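Inspection log for the structure reproduced underneath, given as structure tokens.
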Amino acid sequence: MTSVLEMLRRHVARILLVGACSAALAACSTTGNSFDSSALRFIVPGQTTLTEAANLLNSDPTDVYRQLDGSAMARWSHKASMVTDAIYFNQELWLAFGPDGRFQRIVKSENLPLANVYEGGKRVDTLSTGTSTAPVDAAATPGVIHKPAVAYPLPQ
């Protein structure tokens, strides 16, 4: 009798485990293609083609919108959601290519921290060589700001 109860208990536990795993997986979804935005700095205006950009990003674009003049707008997009939008990940990149098929500019970037740091393979967020890096004169900065502490009595 106890072995039958034990078998029944294990069977119910397995069914509950399979049900819980199925529910967890059903709450996950992804759209688009995952792409590597770290190579974005190697995409050079006037030089990089759409095929080269796709190779650098390790993914084909999700959409390519072609214009009558031969130019194109390519969109890379990757969205992942877990637990029905409780946890989500979203990256999107729009690149414009001219009539000659060469990269022109970044049209839009979403959740790509280094998208505007590089231009033509060079960092553009650093100080230029003409900017002075001399220390600030101590006389120009105010001294210690004194703010006395204030105490308030608590009601008893």
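Just so we're aligned: 187 in the numbering used here is position 152 of the sequence shown, and the numbers increase by one with no gaps anywhere.
We treat Cβ as the ideally placed atom computed from N, Cα and C, and that holds for glycine.
Here the structure is a predicted model, which means the values were calculated and not measured.
Query                                                                                                                                           : Result
Straight-line CA distance for Gln139 to Asp71?                                                                                                  : 20 Å
Using the Cα positions of Gln126 and Val79, report the straight-line distance between them to the nearest angstrom.                             : 21 Å
By the DSSP assignment, the alpha helix (DSSP H) with Ala109 in it spans what residues?                                                         : No alpha helix (DSSP H) contains Ala109, which is instead part of the beta strand (DSSP E) from 107-117.
Locate the alpha helix (DSSP H) running through Leu91, then write down its first and last residues.                                             : 85-91
Alpha carbon to alpha carbon, how far is Phe124 from Ala115? Give it in angstroms, no decimals.                                                 : 5 Å
So is Leu103 buried or exposed if we call it buried at 16+ other beta carbons inside 10 Å?                                                      : exposed
Could you check what DSSP says for Val185 in three-state terms: helix, strand or coil?                                                          : coil
Under a three-way DSSP split, which group does Ile78 fall into?                                                                                 : coil
Does the beta-carbon of His113 have 16 or more other beta-carbons within 10 angstroms, so that it is buried, or is it exposed?                  : buried
Please check the pair Leu92 and Trp111, which I expect to be a contact at CB under 8 Å, by giving their CB distance rounded to whole angstroms. : 6 Å
Could you check if Leu75 is buried or exposed, using at least 16 other CB atoms within 10 Å of its CB as the buried criterion?                  : buried
Residues bridged to Ser144 by DSSP?                                                                                                             : Leu128
Which residue comes first and which comes last in the beta strand (DSSP E) that contains Arg101?                                                : 98-101
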